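Residue numbers (the working numbering), protein chains in the order written: chain A, 5 to 118; chain B, 20 to 134. For each residue, glycine too, the CB sits at the ideal point set by N, CA and C. Quantities reported herein were computed from a predicted structural model and do not represent experimental measurements.
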């Protein structure tokens, strides 16, 4: 069975600084996808970035990048130049190949300070 | 159009009421999902519809009844709910649950309160 671990319940970052949110995963399947979602207080889950297990390069999407270290089974999200609007809950999630639903970590609440 | 819409945004209901939550997407996605999310917890999968057929039911109590009238619409019918069912109900869609790791697009959710 697959598992996602986010060990940081809460994080603070100064505006305009970079921040790394940790995510480790566990699966014996060689084929999987890793996702990060942002959930503001309004409730909507916003897709941020995706990394496939066979992707050679780390995924980037604007200010978001994913530090994928396959041997360590980690998929950390890096947010550069933090903005006040980045304050939200962030979830790491994984799905396996085939018809398997997303498995979410417990989330990290990020607070950006002016 | 990359939007998933959900109505209503908020719902308060008594334990004897019958109500429905609605979800709609026009992205041509063939997989749709219902999740339940309690405060400060990750979403928990309830149901998956694939090509308008129920493909996954995560042992959800029968007081929750999903329906997929067509490929764009997903309903969740509620009857005789309990106060512990109060939560944020999220709908999501993806291109297909037969494609590995395709991202799910979520709606804004319905905040349900059962009195």
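Return the CA-CA distance between residue 100 (chain B) and residue 39 (chain B), expressed in angstroms with no decimal places. On the second chain, position 81 is the one that residue 100 (chain B) refers to. On the second chain, position 20 is the one that residue 39 (chain B) refers to. Taking the straight line joining both Cα atoms gives about 12 angstroms.
Does the count of Cβ pairs from the segment 33-48 of chain B and the segment 69-86 of chain A closer than 8 angstroms reach three? no
Report the neighbours of residue 108 (chain A) on chain B: residues whose CB is nearer than 8 angstroms to its CB, in chain order. Taking the first residue of the first chain as 1, we reach residue 108 (chain A) at position 104. Under the 8 angstroms cutoff, chain B gives 61 and 62.
Measuring alpha carbon to alpha carbon, tell me which of A:71, A:66, A:61 and A:98 ends up nearest residue 5 (chain A). Within the first chain, numbered from 1, the residue matching residue 5 (chain A) stands at position 1. A:98 is the residue among A:71, A:66, A:61 and A:98 whose C-alpha sits nearest the C-alpha of residue 5 (chain A).
Chain B partners of residue 46 (chain A), CB-CB under 9 angstroms? By 1-based counting over the first chain, the position of residue 46 (chain A) is 42. In chain order: 127 and 128.
Contacts of residue 83 (chain B) in chain A (Cβ-Cβ under 9 angstroms): Translated into the one-based positions of the second chain, residue 83 (chain B) becomes position 64. In chain order: nothing, as chain A lies at least about 17 angstroms away.
Any chain A beta carbon closer than 9 angstroms to residue 111 (chain B): The residue labelled residue 111 (chain B) in the question sits at position 92 within the second chain. True, the Cβ-Cβ gap to chain A drops below 9 angstroms.
Just to confirm, is the Cβ distance from residue 110 (chain B) to residue 93 (chain B) under 9 angstroms? On the second chain, position 91 is the one that residue 110 (chain B) refers to. On the second chain, position 74 is the one that residue 93 (chain B) refers to. Yes, the Cβ-Cβ distance between residue 110 (chain B) and residue 93 (chain B) is below 9 angstroms.
Near-chain A residues of the segment 70-100 of chain B - C-beta to any C-beta below 9 angstroms: 74, 75 and 77
Contact set for residue 66 (chain B): own chain, Cβ-Cβ below 6 angstroms, skip 5 residues either direction: Looking up residue 66 (chain B) in the second chain gives position 47. 53, 76 and 85, listed in sequence order.
Does the CB of residue 107 (chain B) have a neighbour CB from chain A at under 9 angstroms? In the second chain, residue 107 (chain B) corresponds to position 88, counting from 1. Interface residue, yes.
I want to know whether the segment 62-82 of chain A touches the segment 26-45 of chain A - three or more CB-CB distances under 8 angstroms. yes
Check whether the segment 127-134 of chain B and the segment 20-30 of chain B are in contact - that is, three or more C-beta pairs closer than 8 angstroms. Touching, yes.
Hey, is residue 44 (chain B)'s beta-carbon within less than 9 angstroms of any beta-carbon in chain A? Position 25 of the second chain, counted from the start, is the residue given in the question as residue 44 (chain B). Chain A, which has no Cβ nearer than 9 angstroms to the Cβ of residue 44 (chain B), makes this no.
Nearest CA to the CA of residue 90 (chain B): which residue from B:68, B:127, B:81 and B:106? One-based indexing of the second chain puts residue 90 (chain B) at position 71. Measuring from the Cα of residue 90 (chain B), the nearest candidate turns out to be B:68.
Counting contacts by CB-CB distance shorter than 9 angstroms, is residue 103 (chain B) in contact with chain A? For the purposes of this step, residue 103 (chain B) is taken as residue 84 along the second chain, with counting starting at 1. No, because no Cβ of chain A sits closer than 9 angstroms to the Cβ of residue 103 (chain B).
According to DSSP, is residue 89 (chain A) helix, strand or coil? Within the first chain, residue 89 (chain A) is the residue found at index 85, counting from 1. Look at residue 89 (chain A) here: in three-state DSSP terms it is helix.
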